[in-house]
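Have a look at the structure below, then the notes.
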Amino acid sequence: MVKSMEFTREAHRFYFNDDHGKLAGEITFPAINNDQTWVIEHTFVRDDFGHQGIAGQLTKAVIDAARVEHKRIQPLCTYAKAYFDRHPEAADVLVTSSQSKE
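Once you know that position 31 of the sequence shown is 86 in this note's numbering, the rest is easy, because the numbers rise by one and skip nothing.
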């Protein structure tokens, strides 16, 4: 596993580039429900950066930001769903069935 990475944040996206400026990993989370809910729809780590825990760090970056910004998360991509299954301590930011979604 690599050390904790620094990611660049754009609106509804965290990402990082390799030393040549090419995309090496990202997670996207568009907003719904009047920007109260972030939907993790895509997690990507390029093969040459795989198996280093980077996807988990990207997901945790979204979770940490959601906590700070008082948002809820709806995981749609398979990686994000699996992450939440493996990390019950992150359940505090999950959308519950009683919360409305657009």
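A virtual CB, placed ideally from N, CA and C, is assigned to each residue, including glycine.
Sequence-distant residues of the same chain with beta carbon closer than 8 Å to residue i, five excluded per side
{"i": "H67", "result": "T83, F84, P85, A86, W93"}
Residue nearest to residue i in terms of C-alpha spacing, selected from the options
{"i": "D140", "options": "T114, H125, E124", "result": "T114"}
{"i": "Y138", "options": "E124, T151, A116", "result": "A116"}
{"i": "T151", "options": "I128, G76, T133, K136", "result": "I128"}
{"i": "A121", "options": "A146, E61, S59, K77", "result": "A146"}
{"i": "E61", "options": "A135, A110, E124", "result": "A110"}
Neighbourhood of residue i by C-beta distance below 7 Å, restricted to the same chain and skipping five residues each side
{"i": "L131", "result": "V94, I95, E96"}
{"i": "F99", "result": "G80, E81"}
{"i": "D103", "result": "none"}
Inter-residue Cα distance where the pair is residue i and residue j
{"i": "G80", "j": "L149", "result": "23 Å"}
{"i": "F72", "j": "N89", "result": "A small fix is needed here, since residue 72 is Asn in this sequence, not Phe. Near 30 Å, if we compare the C-alpha coordinates of N89 and N72."}
{"i": "Q112", "j": "Q91", "result": "22 Å"}
{"i": "H142", "j": "I118", "result": "11 Å"}
{"i": "H33", "j": "R101", "result": "Nothing in the structure corresponds to residue 33, since the chain is present only between 56 and 157."}
For residue i, the three-state DSSP class (helix, strand or coil)
{"i": "K117", "result": "It should be pointed out that residue 117 corresponds to Val in this sequence rather than to Lys. It is helical."}
{"i": "G111", "result": "helix"}
{"i": "E124", "result": "helix"}
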